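In my numbering, the protein residues as written are 123 to 405.
C-beta atoms are modelled at their ideal positions from N, C-alpha and C, and glycine is treated no differently.
Since we're looking at a predicted model, the values are computed, not measured.
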Amino acid sequence: MRIEPGWTTEDREDLAAALLRLHRASGLSGERLARRAGMSQSKISRIETGRLLPSVVDVEQMLAGLGIDGQSRTDLLALTRVANSEFQDVRSSVRRGLHHRQRELAALEQRATEIRHFLPALITGLLQTPGYMRAALSTPLTPVGDDINRTIAAKRDRQAVLHDPDKRFSFLLTESALRWRLCPPDVMAPQLEHLHALSLLSSVSIGVPPLDRTVPDGAYHTFVVYDRRLVTAELFSGQLVLRDPKDVDHHRGLFDLFAGRALWGDESRRIMQSAADDFRSAG
123 MRIEPGWTTE DREDLAAALL RLHRASGLSG ERLARRAGMS QSKISRIETG RLLPSVVDVE
183 QMLAGLGIDG QSRTDLLALT RVANSEFQDV RSSVRRGLHH RQRELAALEQ RATEIRHFLP
243 ALITGLLQTP GYMRAALSTP LTPVGDDINR TIAAKRDRQA VLHDPDKRFS FLLTESALRW
303 RLCPPDVMAP QLEHLHALSL LSSVSIGVPP LDRTVPDGAY HTFVVYDRRL VTAELFSGQL
363 VLRDPKDVDH HRGLFDLFAG RALWGDESRR IMQSAADDFR SAG
């Protein structure tokens, strides 16, 4: 699965055909439907011909304009949510080669201006040292195998985007993520010192919600928000991609909630350095 263009062909065609069928059955002209739905005629036409994937809000407006309610409305909104979500299981990614996945992520990062990472468990690829990368790609249940060196090289190539002055990266790493011993102390210590150095870049901000602060929600899983366009959520078995504006706004709100409980700047760097010192002592 590619992260772009953003839908499966079958779901897109089913949704477009259903909306076009309802429009024709209504007897409304394109102009009248556009007026009743509060949308442009050209947008409605692109949706009905499958050239534009509508959001849940778009479909809600069209259905309101068409006077559709009850089970038909419920079914179409459910189909819209499916069309705006994708899942890629990790086994398929490994079979295809994880270096391909790195290229897809690089393309997303190039297109976005503001990227927000919430990282409750591990350090993400953009911030990893080669040693940490190797450990992250060598987990017992999903070994990468011969693709590991190509994937590490692709990850390192991606990291150049952190130096782009036109982009803004915000990373929220829980203190637990900083101290999770994914690899030996002699690898963890330089990894945390690398984080310290990256946090000084003008395009990068790294916040740490410390363990002694109350946070009124759970840190359930990693997610990344690209502008207001899409969200990726990492699960043990794969990755979920969400494009509906309501889902994107929800995750932006979650990020803001956690960011408000985090330490930033010199305060977060002190936590990173303390963790690095502890790993050096343990080594």
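DSSP state of residue i, grouped into three classes?
i    : result
G267 : helix
R290 : strand
Q250 : coil
T336 : coil
S396 : helix
A341 : coil
F401 : helix
A355 : strand
L211 : Note that residue 211 is Asp in the sequence shown here, rather than Leu. D211 falls in the strand class under three-state DSSP.
L155 : helix
I237 : strand
S148 : helix
L304 : coil
L142 : helix
L137 : helix
L284 : helix
In terms of residue numbering, what span does the beta strand (DSSP E) encompassing residue i cover?
i    : result
D369 : First-last for D369: 367 to 381, but that is the alpha helix (DSSP H), not the beta strand (DSSP E).
Check each candidate in the options and name the one with the smallest Cα separation from residue i.
i    : options                : result
A229 : D269, A282, G267       : A282
W386 : L322, A404, L155, R365 : L322
M184 : R146, R218, E297       : R146
D371 : S151, L137, V178       : V178
T235 : R290, S324, P331       : R290
D180 : G189, Q193, G160       : G160
F358 : H373, F209, P367       : F209
P338 : L317, V347, L376, D286 : L376
Quick check on the DSSP output: the alpha helix (DSSP H) that includes residue i runs from which residue to which?
i    : result
A319 : 307 to 320
H222 : 220 to 233
Q193 : 192 to 205
Q183 : 178 to 188
S298 : 297 to 301
Q163 : 163 to 170
Is the beta carbon of residue i sitting closer than 8 Å to the one on residue j?
i    : j    : result
L304 : A258 : yes
A311 : R391 : no
S292 : S327 : yes
L294 : A397 : no
Quickly, what does DSSP pair residue i with across the bridge? List them, please.
i    : result
S327 : S292
Q361 : Q210, E356
V347 : R238, V353
When you compare the CB of residue i with every CB in chain B, is at least one pair closer than 8 Å?
i    : result
V179 : In summary, chain B is missing from the structure at hand, where a single protein chain is found.
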